[in-house]
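Engineer: For the sequence shown, our numbering gives the first residue as 694, with consecutive numbering after it.
From the three backbone atoms N, C-alpha and C, an ideal C-beta is built for every residue, glycine too.
Structure incoming, see below.
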Amino acid sequence: MRGKALVVATLVLGLATACGGGTDGKAKTAGHDEGVPEISITPANGSAKAKPDAGVTVTASGGTLSQVLVKLKDADVPGVLSADKKTWKSSWTLIPGGKYTVQAVAASSKGKTATATSSFKTVNDTARTTISNVIPSPGEKVGTGMPIFIQFNKEVPDKAKPTIEKAIEITSTYPTVGGWRWLSAGESFNGLPSVVFRPKNPWQANQKVELKVHYAGLKIGDSVYGDKDVTRKFKIGDSHVITVNNSTHRLTVKKNGTVVRKWGVSLGSGGEVQSDGVDHLKTTAGVHLTMDHVRLERMVAPGKKKGEPGYYDEQVPFATRISNSGEYIHQNMDDPSCLGNRNCSHGCVRSPASDAEWFMSWSYRGDMVTIAGTGRKLQWSNGWGYWQMPFQQWVGGSKIGQAITTAALGQ
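The following block contains the structure:
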């Protein structure tokens, strides 16, 4: 379904009504009697190749529209009636290959009415670019830092990007300011081209969010259209704020502003500066987001072969990923005396077993983890490091170039 019609009225048949096909290619009332309004419908009655991106338009002359009812099978198609009640337009594009019916009624100032109908089919030329993934998952409860990802199977043509942004609706319990940014496959955490929504400030805790992508019928390329709409409902959970201090080697967890747990940690020891000038054994500092939870994660020294200094290949329990550069909050597997005292890890946040297990089970995806004082900056494109980018710069990656405010979600 594509929603309920915004204009629905009781069908009233006048003394003089007529319907038929006009010579201008639009369904049109005949208007034989003086004072009877005329109704024009686009697409034309009987069309088999209507363009999905053109939508449906109904206009009245010599009167005003009192009813417009557009159907896709048994589903109402939403639309908007102009202030003067002379024009009705569908709110969104149409589904490729869809069979639509239109019924309209208009009335004149003298009380005479007319009806018009149209039945047509849209072309079925769908684009190869499709929405292949949406994050968060259906019904998932996520953290207050969580982005919304709409991911595609291939790069989206630049010409289609503004149209796609305008066809996305986000509603939430509490209106939230945020913005979209387009990511190439190389910038994306999982290699899928994406458009990503990030709030300006963390989401307000404990609310519902609904995403609707009116993708069906959008013009994606030359004479090809988006295949289908996508919807996603999820929840924002409690406020989880995690801070890690490299100087004190302590991790602190707050829930809804109250400290609920602390423990000693060991961060990256450093000492391996590579050709890019970065010490890759230091933990990155900045605002991370929890990305994934793994009961047992295999960790292998990047760029090293077995037998070389610094090589490791371990199965590490209770691992919560916080970046794409191999950083996790996980159970300590080595010298326990490091915890809370000095840095001994390869870049991860080593934790006591009981705390790592608790955190993996307790945290949501999208919880904000701020690490300070390591001397190595988290890059915004490392995993979900999007909070590292100033908001105005983030919005600069939108093709409409401005922030948006989510609409209020009906209860």
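Would you decide whether residue 995 is buried or exposed? Buried here means 16 or more other CB atoms lie within 10 Å of its CB.
Structural biologist: By the 10 Å Cβ count, residue 995 comes out exposed.
Engineer: Tell me whether residue 753 is buried or exposed, calling it buried when 16 or more other Cβ atoms sit within 10 Å of its Cβ.
Structural biologist: Residue 753 should be labelled buried.
Engineer: DSSP three-state call for residue 1095: helix, strand or coil?
Structural biologist: The answer is coil: DSSP assigns residue 1095 none of H, G, I, E or B.
Engineer: Could you check the C-alpha separation between residue 706 and residue 813 for me, to the nearest Å?
Structural biologist: Summary for residue 706: the model assigns pLDDT 31, below 50, so the residue's position carries little reliability; its value from the coordinates is reported in the next sentence. Approximately 23 angstroms, taken between the alpha carbons.
Engineer: Determine the burial state of residue 725: buried for a count of at least 16 other Cβ atoms within 10 Å of its Cβ, exposed for fewer.
Structural biologist: Bear in mind that the predicted position of residue 725 carries a pLDDT of just 48, short of 50, making it unreliable; the figure below should be weighed with that in mind. Residue 725 comes out exposed.
Engineer: Check whether the stretch 889-907 touches the stretch 794-814, taking contact to mean three or more Cβ pairs, one atom from each stretch, closer than 8 angstroms.
Structural biologist: Result no; under three Cβ-Cβ pairs closer than 8 angstroms.
Engineer: Determine the DSSP secondary structure at residue 831, reduced to helix, strand or coil.
Structural biologist: In this structure, residue 831 counts as coil in the three-state DSSP scheme.
Engineer: Could you compute how far the alpha carbon of residue 970 sits from the alpha carbon of residue 1069?
Structural biologist: Those two C-alpha atoms are separated by around 11 angstroms.
Engineer: Identify, in the order they occur along the chain, each residue of the same chain with its Cβ nearer than 8 angstroms to the Cβ of residue 858, setting aside the five sequence neighbours on each side.
Structural biologist: Only 873, 888, 1091, 1092, 1093 meet the Cβ criterion.
Engineer: Residue 844: buried (16+ other C-beta within 10 angstroms of its C-beta) or exposed?
Structural biologist: Looking at its Cβ environment, which holds 16 or more other Cβ atoms inside 10 Å, residue 844 is buried.
Engineer: Near residue 943, what residues of its chain come up, given a Cβ to Cβ distance below 8 angstroms and the 5 sequence neighbours on each side ignored?
Structural biologist: So the qualifying residues of the chain are 937, 955, 956, 957, 958, 1033.
Engineer: For my contact list, residue 871 and residue 1097 are in at a C-beta cut-off of 8 angstroms; report their separation, rounded to the angstrom.
Structural biologist: That pair is a contact at about 6 angstroms.
Engineer: Leaving out the 5 sequence neighbours to the left and right, which residues in its chain are closer than 6 angstroms to residue 973 when beta-carbon positions are compared?
Structural biologist: Answer for residue 973: 965, 967, listed in chain order.
Engineer: Quick check on the DSSP output: the alpha helix (DSSP H) that includes residue 857 runs from which residue to which?
Structural biologist: It spans 854-859 - the alpha helix (DSSP H) in which residue 857 sits, taken as one unbroken run.
Engineer: Since residue 968 is in the beta strand (DSSP E), which residue starts that stretch and which ends it?
Structural biologist: Run containing residue 968: none; DSSP gives neither H nor E here.
Engineer: Here's the rule I'm using: 16 or more other beta-carbon atoms within 10 Å means buried, otherwise exposed. How should residue 951 be labelled?
Structural biologist: Residue 951 should be labelled exposed.
Engineer: Just verifying my parser: in three-state terms, what is the DSSP assignment at residue 1102?
Structural biologist: Of the three classes helix, strand and coil, the one that applies to residue 1102 here is coil, per DSSP.
Engineer: So, using beta-carbon positions, are residue 768 and residue 918 closer together than 8 angstroms?
Structural biologist: No, they are not a contact pair.
Engineer: With a 10 Å radius around its C-beta and 16 neighbouring C-beta atoms as the bar for buried, classify residue 990 as buried or exposed.
Structural biologist: Buried.
Engineer: What's the call for residue 1005, buried or exposed, on a 16-neighbour Cβ count within 10 Å?
Structural biologist: Looking at its Cβ environment, which holds fewer than 16 other Cβ atoms inside 10 Å, residue 1005 is exposed.
Engineer: Which first and last residues belong to the beta strand (DSSP E) in which residue 882 is found?
Structural biologist: Taken as a continuous stretch (DSSP letters only), residue 882 belongs to no beta strand (DSSP E), as it is neither H nor E.
Engineer: Is the number of C-beta pairs between the stretch 1015-1030 and the stretch 1071-1079 that are closer than 8 angstroms three or more?
Structural biologist: Yes, since at least three Cβ pairs between the stretch 1015-1030 and the stretch 1071-1079 fall closer than 8 angstroms, the two stretches touch.
Engineer: Going by the beta-carbon positions, is the gap between residue 1061 and residue 953 smaller than 8 angstroms?
Structural biologist: No, they are not a contact pair.
Engineer: Note down the Cα distance separating residue 1046 from residue 977, rounded to an integer number of angstroms.
Structural biologist: The straight-line gap from Cα to Cα measures roughly 22 angstroms.
Engineer: Who are the Cβ neighbours of residue 856 in its own chain at under 7 angstroms, not counting the five residues just before and after it?
Structural biologist: Excluding sequence neighbours, residue 856 sits near 911, 912.
Engineer: Tell me, which residues are paired with residue 918 by DSSP?
Structural biologist: The partner list for residue 918 (beta bridge, DSSP) reads 819, 912.
Engineer: Going by C-alpha to C-alpha distance, which of 1021, 1051, 822 sits closest to residue 1040?
Structural biologist: The shortest Cα separation from residue 1040 among 1021, 1051, 822 belongs to 1021.
Engineer: Could you pull out every residue in the same chain whose Cβ sits closer than 6 angstroms to the Cβ of residue 853, ignoring the five residues on either side in sequence?
Structural biologist: For residue 853, where only same-chain residues beyond five positions count, the Cβ hits under 6 angstroms are 913.
Engineer: With a CB to CB cut of under 8 angstroms and the five nearest residues on each side skipped, what residues in its chain are close to residue 716?
Structural biologist: Low confidence applies here, because residue 716 scores a pLDDT of 34, under 50, leaving its location unreliable; read the following figure in that light. Excluding positions up to five away in sequence, the list is empty.
Engineer: Taking buried to mean at least 16 other C-beta atoms within 10 Å of its own C-beta, is residue 817 buried or exposed?
Structural biologist: Exposed.
Engineer: For residue 1020, name the three-state secondary structure that DSSP assigns.
Structural biologist: Here residue 1020 sits in coil by DSSP.
Engineer: Just tell me which of 999, 1084, 982, 868 has its CA closest to the CA of residue 1101.
Structural biologist: Comparing Cα positions, the closest option is 868.
Engineer: Within the continuous beta strand (DSSP E) that includes residue 1048, where are the two ends?
Structural biologist: Where residue 1048 is concerned, there is no enclosing beta strand (DSSP E), although the alpha helix (DSSP H) it sits in stretches over 1046-1055.
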